[in-house]
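Under UniProt numbering, the first residue of the sequence shown is numbered 1, with each subsequent residue one higher.
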Amino acid sequence: HIVGGSSGGEGCIQAAAGAPFGIGSDIGGSIRIPCFFNGIFGHKPTKGIVSNGGQYPRTQNDEQEALLATGPMCRFATDMKPILKVIAGDNVNKLNLDAKVDISKLK
Numbered sequence: 001h002i003v004g005g006s007s008g009g010e011g012c013i014q015a016a017a018g019a020p021f022g023i024g025s026d027i028g029g030s031i032r033i034p035c036f037f038n039g040i041f042g043h044k045p046t047k048g049i050v051s052n053g054g055q056y057p058r059t060q061n062d063e064q065e066a067l068l069a070t071g072p073m074c075r076f077a078t079d080m081k082p083i084l085k086v087i088a089g090d091n092v093n094k095l096n097l098d099a100k101v102d103i104s105k106l107k
């Protein structure tokens, strides 16, 4: 068995209920793949919504930096929205997380 990538340790601890939520970083699937492998929820937000400041190691080039995003990982889908609201900080207003969705208009 494997835990699925660079945020795999966080995915594993979430699946084992070792923490209420986690934060991962993602360039090419490092939030999404561990969440899939561990049966939890994760989200790679649009670049710039959640600050990448303070991460170590830093990206090695501009191409990696352009793809890097920081996002939440959690056991329950209902936890995703409140966690994202907190970690997005002042950028939360760009997301319209509380907007009503009219399912009849979805294609």
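We put the beta carbon where it would ideally sit given N, CA and C, even for glycine.
For residue i, tell me which candidate among the options has the shortest Cα-Cα distance.
| i | options | result |
| --- | --- | --- |
| N93 | G28, I49 and S104 | I49 |
| A16 | V3, G28 and I27 | V3 |
| G22 | L106, G71 and S51 | G71 |
| F76 | G28, K107 and G42 | G42 |
| S51 | H1, G89 and K100 | G89 |
| L84 | I13, T46 and K105 | T46 |
| G53 | K100, S30 and I87 | I87 |
Hey, how far is the Cα of residue i from the Cα of residue j?
| i | j | result |
| --- | --- | --- |
| P82 | M73 | 12 Å |
| N38 | S7 | 11 Å |
| Y56 | S25 | 10 Å |
| G9 | H1 | 13 Å |
| I13 | L106 | 35 Å |
| S79 | K100 | Position check: residue 79 holds Asp in this sequence, whereas Ser was assumed. Spanning the two alpha carbons is a distance of roughly 18 Å. |
| R58 | S104 | 44 Å |
| D98 | G18 | 29 Å |
My guess is that residue i and residue j are in contact by the Cβ rule of under 8 Å, so how many angstroms apart are they, rounded?
| i | j | result |
| --- | --- | --- |
| K44 | A69 | 5 Å |
| I40 | G5 | That belief does not hold up - the Cβ atoms of I40 and G5 are roughly 13 Å apart, past 8 Å. |
Notebook entry, point to check: Touch check for the region 54-65 and the region 34-46: three-plus C-beta pairs under 8 Å?
Noted result: no
Notebook entry, point to check: Hey, which unbroken runs of the beta strand (DSSP E) at 3 residues or more fall wholly within the UniProt domain "Amidase" (2-94)?
Noted result: 22-26 and 69-74
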